[in-house]
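Protein chains in written order, with numbering that gives the first Met the number 0: chain A, 0 to 190; chain B, 0 to 172. Heads up, the beta-carbon is just placed ideally off N, CA and C, and yes, glycines get one too. Worksheet: the structure to be examined is printed underneath.
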Amino acid sequence: MSTQSEENTPIHRQVSWRSPEILGEVVLLLVVLLLAITYLLEMPGLKMAGRYLPIVTLVFAAPFWFIRVKTLFDRKRLLERGQIMDLGFRFGGNAVDEKRRAIRFTSAVGALFLSIWLLGFHLALPIWLVTYLVLFAKVKPVVVLLVALAFEGLLLGVHDFIINVPWPEPLIWRVIGVDYLFNEWPISGTY
Amino acid sequence: MVQDHLDLTIAMVYIIVLANITVVPIVLLFAAPLTRVSIVPPQILAPIVIGITTVSAFQANVSIEDLALVSVFAVLGMFMKAYAWPRPPILIAIVLTSQLEKWMSIAIQTRGWSMVWQPAFVTILILVIVGVFFSLRVQSGTKRVADRTEAEIGGQSVIIGSSSTITKPPTAS
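Written out as structure tokens, the structure reads:
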């Protein structure tokens, strides 16, 4: 059981620039700075009309960028004094769950793109949807099947039948030496 | 077109007018059911939206490399959300940049920088300033109420600026 004096003792800790509370903000500020530098480097090569928007953007954005940098230093100072306890890589709620969710989301999207590159849209997208909905959403199999069929219908009905999209050759199909079936699909370009 | 086929041009204009008149009631009819999309749990909505976004991103230029760009923006979006950076400005910027660049260039070439003293420009600027002012007031009011409520309910943390100490949560004895 803690005493009153313990409860009111100020907390001091060293907060590194590499800590999650700070690092993400630094990365975002660097991305914006990089954009500004790109503007400045590209501007001399542009005609006058093309320079208007970068100039206006830089003039308006620069003060906000410096304000944000100041806020970052303030936040680091407050974190070190223990005056902010609940910042970091968070979306609200439980921090551990949120990190797990962020990792799950990123890897799921990565897996989708990788499987599209390997298998092609027509196979990868429904398979990915089924996997995601079964593993993470715990949806009824019937609903999962309907969603997957709806996506397959979208690809075949709109993208093949109406638009006749030239799909890229997926890696697996190239390796086994077979043309991507859906580029030669009987309904492709029928409309 | 206008000189040789005026009848066709007029017909096209009327078609657009009729289409709008026809579509608005239909859209209004579906407005209420469509709002129910917002109550679909995110773990179900997210994969569906990601799937549609992926196909659309590819479809725009029929380029598989565009998916890499989608990944970059997805990660950027997550970072921005995590660190409370607003995401809508990026969307607005991407959608409106070409229009803005085109019309600003025309305006500057027509009137020079004196365009900033034109009544329309000044009116819009005043409206924006008023909008931002009220938005900030509402935000700060909401934050103040939230802070007060959290302090009253939890009796923990949330001490930014005013105090140099932390009140720990009540411990069970």
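Residue-level contact check: V58 of chain A does not touch chain B, since none of the beta carbons of chain B fall below 8 angstroms from its beta carbon. Contact annotation: F120 of chain A and V54 of chain B have beta-carbon atoms nearer than 8 angstroms.
Counting only runs of 4+ residues, the alpha helix (DSSP H) found wholly inside the region 101-131 of chain A occupies 120-131, in chain order.
Pairwise C-beta distances place the region 125-134 of chain A in contact with the region 42-59 of chain B, as three or more of them are shorter than 8 angstroms. Cβ atoms of L34 of chain A and F78 of chain B stay farther apart than 8 angstroms, at about 15 angstroms. For the region 50-77 of chain B, the beta-carbon criterion of a distance under 9 angstroms to any beta-carbon of chain A is satisfied by G50, I51, T53, V54, F57, Q58, V61, S62, I63, L66, A67, V69, S70, A73, V74, L75, M77. With respect to the 8 angstroms criterion, Y179 of chain A and M103 of chain B are not classified as neighbours on the basis of their beta carbons. DSSP, reduced to helix, strand and coil, places P62 of chain A within a helical segment of the structure shown. Y13 of chain B sits in a helix when the DSSP states are folded into three classes. Against chain B, the beta carbon of E24 of chain A has neighbours under 7 angstroms at Y82, listed in chain order. Taking 8 angstroms as the CB threshold, F120 of chain A lines the interface with chain B.
When only Cα atoms are considered, A73 of chain B and K80 of chain B end up about 11 angstroms apart.
Of the residues A:V68, A:T37, A:W116, A:D73, the one whose Cα lies closest to the Cα of D65 of chain B is A:W116. With a cutoff of 8 angstroms on beta-carbon distance, S70 of chain B and V108 of chain A are scored as near each other. Around L99 of chain B, the beta-carbon contacts reaching into chain A at under 7 angstroms are L52. Close to chain B, meaning a Cβ-Cβ distance shorter than 7 angstroms, are the following residues of the region 122-140 of chain A: L124, L128, Y131, L132, F135, A136, V138. Interface annotation, W172 of chain A: not in contact with chain B, CB-CB separation never under 8 angstroms.
Under the DSSP assignment, F150 of chain A falls in the alpha helix (DSSP H) whose first and last residues are 140-152. With contacts defined by Cβ atoms closer than 8 angstroms, K75 of chain A and I162 of chain A do not form a contacting pair.
The way I'd put it, the region 143-160 of chain A doesn't touch the region 96-114 of chain B; fewer than three beta-carbon pairs between them come closer than 8 angstroms.
Less than 8 angstroms divides the Cβ of Y82 of chain B from the Cβ of G23 of chain A. Note that the C-beta distance between H158 of chain A and Q58 of chain B is below 8 angstroms. For A67 of chain B, the enclosing alpha helix (DSSP H) starts and ends at 65-81. Around the Cβ of L124 of chain A, a 10 Å sphere holds 16 or more other Cβ atoms; the residue is buried. One thing to note: Q42 of chain B has its Cβ within 8 angstroms of the Cβ of F135 of chain A. Under a criterion of Cβ atoms nearer than 7 angstroms, no residue of chain B is adjacent to T37 of chain A; the nearest Cβ is some 15 angstroms distant. Of the candidates A:M42, A:V177, A:T56, A:V177 places its Cα closest to the Cα of L118 of chain A. Secondary structure note for Y38 of chain A: its alpha helix (DSSP H) is the uninterrupted segment 19-41. Within chain B, the C-beta atoms nearer than 9 angstroms to that of P165 of chain A come from V61, in chain order.
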